[in-house]
Amino acid sequence: MAPDLVLLLILSTLWGASYTLIKIGVETIPPITLIAARTVIAAAVLLLWIKVQRLSMPSDARVWRRLLVQALLNSVFPFTLIAWAERSVDASLATILNSTSPVFAFLATWFITGRAHIAPLKLLGVILGLAGICLVVGVNALEGLGRQLVPQLALVTAAVCYAAAAIYGRSFDGIPPAATAAGSLIAGATLLVPFSLVVDRPWTLHVSWQSVMALFALAVFSTAAAFVLYFRLVQTLGSVGVTAQAYLRVPIGVGISIAFLGESLSKSAWLGLACVVAGVAAMTIPKARASTLNA
Numbered sequence: 001m002a003p004d005l006v007l008l009l010i011l012s013t014l015w016g017a018s019y020t021l022i023k024i025g026v027e028t029i030p031p032i033t034l035i036a037a038r039t040v041i042a043a044a045v046l047l048l049w050i051k052v053q054r055l056s057m058p059s060d061a062r063v064w065r066r067l068l069v070q071a072l073l074n075s076v077f078p079f080t081l082i083a084w085a086e087r088s089v090d091a092s093l094a095t096i097l098n099s100t101s102p103v104f105a106f107l108a109t110w111f112i113t114g115r116a117h118i119a120p121l122k123l124l125g126v127i128l129g130l131a132g133i134c135l136v137v138g139v140n141a142l143e144g145l146g147r148q149l150v151p152q153l154a155l156v157t158a159a160v161c162y163a164a165a166a167i168y169g170r171s172f173d174g175i176p177p178a179a180t181a182a183g184s185l186i187a188g189a190t191l192l193v194p195f196s197l198v199v200d201r202p203w204t205l206h207v208s209w210q211s212v213m214a215l216f217a218l219a220v221f222s223t224a225a226a227f228v229l230y231f232r233l234v235q236t237l238g239s240v241g242v243t244a245q246a247y248l249r250v251p252i253g254v255g256i257s258i259a260f261l262g263e264s265l266s267k268s269a270w271l272g273l274a275c276v277v278a279g280v281a282a283m284t285i286p287k288a289r290a291s292t293l294n295a
């Protein structure tokens, strides 16, 4: 159990650091090109991992069409929205706003299933999560309507995409998780690379070595390696591996942004951070503990 908890902390750190790496990357690499390169590199690393593990990639065309949808929800739209937003929004705020995907996933599932009853703990999580968003976005928006509001809403939209991807991703039962991840990244790359070539003309860019290093760290560690750790924890820790990182990575990500980028949070953003962490924790607490607390 102890080694798995260490891996869980590493996974939270890798995903928490991704927002700082994106912030450094977009300084000289346009968002579409950054994300296109991220998906290509990460897909290549995962394909190598699949070969080493002697797994097989899906061959059914219907599965690949579903992987394309998964790519749109899990990488193409959210990755690009986050990278675009971080050209003007601090990485710390991006970490907070994007961590609310479990709240939206729960709301979407509740709406689809039409359940009339919500467990009190989960309802509290929804309220705290949405309150955290309002504290981070709402107060800043009043300071200069239109200046920060649109990119912050883009980050919230990315969280909604991740929530939809989590729900849609349940349809890939029977396929090795690493193969699903690699297939999704390959599908995403086939969409992003042509856009990058046409829109950004990457051969004309003047890219700094800091952005290049951030890109490779983002692709290899925060994407490919993080996926491998995630899939291992799903098998060994079950729901803990899936859920605990959701609220662990928020303070870790904010701490990394403050330490390495010199960012700071307003009082309202700190309060929003506390609400989001508490809300996501309440939303993702293991069922066994939740039933005890709700009794």
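Take the sequence shown: its position 65, counted from the start at 1, is 65 in full-length UniProt numbering, and no numbers get skipped. Heads up, the beta-carbon is just placed ideally off N, CA and C, and yes, glycines get one too. All values derive from a computational prediction rather than experimental measurement.
- Approximately 15 angstroms separates the beta-carbon atoms of A179 and S75; this is outside 8 angstroms, ruling out the contact.
- Counting along the chain, no alpha helix (DSSP H) covers P58, and no H or E run does either.
- Within its own chain, the residues whose Cβ lies closer than 7 angstroms to the Cβ of N98, once the five positions on either side in sequence are excluded, are I82, L155, A158, A159, listed in chain order.
- Remark: C-beta atoms of S184 and Q53 do not approach each other more closely than 8 angstroms.
- V89 and W49 have their C-alpha atoms some 34 angstroms from each other.
- DSSP, read as helix, strand or coil, puts S75 in helix.
- Using a Cβ distance threshold of 8 angstroms, V220 and I41 count as a contacting pair.
- Note on geometry: alpha-carbon atoms of G279 and K122 lie some 8 angstroms from one another.
- Three or more beta-carbon pairs separated by less than 8 angstroms link the segment 26-41 to the segment 188-202, which places the two stretches in contact.
- Boundaries of the alpha helix (DSSP H) around F216: 209-219.
- Between the alpha carbons of W84 and V150 lies a gap of roughly 11 angstroms.
- With contacts defined by Cβ atoms closer than 8 angstroms, A17 and G262 do not form a contacting pair.
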